[in-house]
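Numbering (the working numbering), first residue to last: 121 to 426.
Following: one structure in structure tokens, then a few remarks.
Take a look at the structure:
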């Protein structure tokens, strides 16, 4: 998928299931899942309750939920590489830091109904490791970071509040307060055209700011704000009528959502999804050199209409 800013992972080539019986010729193929065999329990690194997450223990493992929210399929990376030790992934984290306990069901082959779209509507047709939700419910079609048992301790994730505007029929975010806007404008020395409060806790907030256009120079920024600390992840772009930041996105940067906020041994850790008409980028940012910077934890989904 073509994007500006963070490059979304390419869609892996998926193998097709061979043949079907005469009775199945005119019916959708049922998902073929190789059930996971029991494996010896590996010694897990356990993060104490409330302790900071060790960034090096997080792996580049993302997935998304099916339509009923009881299963999740792991995304392969851009090279089609499968997860290592898939049976050890025990939790899915997303939607403002919600944790759902998961258990491996097995590997699912692609079939001839596969559209190469990573959406809940193609869930049963695509290839990938499938997990079931053991405790709690996944949000249909939403993306999650998969973590192994013990990596994220109890209370290691910041408890976040919903910032969706309840008066909005389209589920828009609330705007950022005037004081914070004035502060960000002073830091960036640039007027803000629009703001979205993506998530917040009692002492921290994560927001998106879109700054006023200067000629063809465009700038959107994710900001983490806590007390005197302000960390930015900037997304500069050159104005293009059909899509400045994302293909077919016009001059809107797209839909950012917080997967989780935490504090690691390297500072602030922020998991994000970035949706647009063609698909979604998934990534984790870390605090470094006074900014929010990329990590190797990133993947993407492609969902443009067939």
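The C-beta atom is built at its ideal place from N, Cα and C for all residues, glycine as well.
Please confirm whether residue i has its beta-carbon closer than 8 Å to some beta-carbon of chain D.
| i | result |
| --- | --- |
| residue 254 | No chain D is present in this structure, which holds just one protein chain. |
Assign residue i to one of three DSSP states: helix, strand, or coil.
| i | result |
| --- | --- |
| residue 356 | strand |
| residue 160 | Residue placement at residue 160 is flagged as unreliable, the pLDDT there being 49, under the threshold of 50; a coordinate-derived value is accordingly withheld. |
| residue 176 | helix |
| residue 398 | coil |
| residue 235 | coil |
| residue 303 | helix |
| residue 244 | helix |
| residue 204 | coil |
| residue 407 | strand |
| residue 171 | coil |
| residue 298 | helix |
| residue 377 | strand |
| residue 258 | coil |
Identify, in the order they occur along the chain, each residue of the same chain with its Cβ nearer than 8 Å to the Cβ of residue i, setting aside the five sequence neighbours on each side.
| i | result |
| --- | --- |
| residue 320 | 280, 281, 283, 326 |
| residue 134 | Confidence is the limiting factor: at residue 134 the pLDDT is only 33, short of 50, which leaves the residue's position unreliable, though a coordinate-based value still follows. Result list for residue 134: 230, 234, 236, 246, 247, in chain order. |
| residue 188 | 260 |
| residue 180 | 197, 416, 417, 418, 419 |
| residue 257 | 189, 190, 220 |
| residue 408 | 386, 387 |
| residue 272 | 167, 173, 211, 213, 219, 382 |
Assign residue i to one of two classes, buried (16 or more other C-beta atoms within 10 Å of its C-beta) or exposed (fewer than that).
| i | result |
| --- | --- |
| residue 401 | buried |
| residue 223 | exposed |
| residue 289 | exposed |
| residue 244 | buried |
| residue 219 | buried |
| residue 406 | buried |
| residue 151 | buried |
| residue 424 | exposed |
| residue 194 | buried |
| residue 349 | exposed |
| residue 275 | exposed |
| residue 307 | exposed |
| residue 242 | buried |
| residue 155 | exposed |
| residue 296 | buried |
| residue 212 | buried |
| residue 202 | exposed |
Going by DSSP, what residues sit across from residue i in a beta bridge?
| i | result |
| --- | --- |
| residue 316 | 328 |
| residue 64 | Outside the modelled stretch of the chain, which goes from 121 to 426, sits residue 64, for which no answer is possible. |
| residue 388 | 383 |
| residue 155 | 226 |
| residue 212 | 220, 266 |
| residue 309 | Looking at the DSSP assignment, residue 309 forms no beta bridge with any residue, so it has no partner. |
| residue 350 | 345 |
| residue 281 | 320 |
Assuming residue i and residue j are in contact, meaning their beta carbons sit under 8 Å apart, how far apart are those beta carbons, in whole angstroms?
| i | j | result |
| --- | --- | --- |
| residue 175 | residue 389 | 7 Å |
| residue 317 | residue 339 | That pair is no contact at about 18 Å. |
| residue 384 | residue 172 | 5 Å |
| residue 353 | residue 331 | That belief does not hold up - the Cβ atoms of residue 353 and residue 331 are roughly 14 Å apart, past 8 Å. |
| residue 391 | residue 380 | 4 Å |
| residue 197 | residue 419 | 6 Å |
| residue 266 | residue 355 | The Cβ separation is near 26 Å, so there is no contact. |
Excluding sequence positions up to five away, which residues of its chain have a Cβ less than 7 Å from the Cβ of residue i?
| i | result |
| --- | --- |
| residue 262 | 184, 185, 214, 215 |
| residue 301 | 312, 315 |
Any heavy atom of the ligand GDP inside 7 Å of the beta-carbon of residue i?
| i | result |
| --- | --- |
| residue 297 | The ligand GDP is not among the ligands present in this structure, which contains no ligands whatsoever. |
Excluding five sequence neighbours on each side, which residues of the same chain lie with their C-beta closer than 6 Å to the C-beta of residue i?
| i | result |
| --- | --- |
| residue 255 | 221 |
| residue 252 | 191, 223, 225 |
| residue 358 | 336 |
| residue 414 | none |
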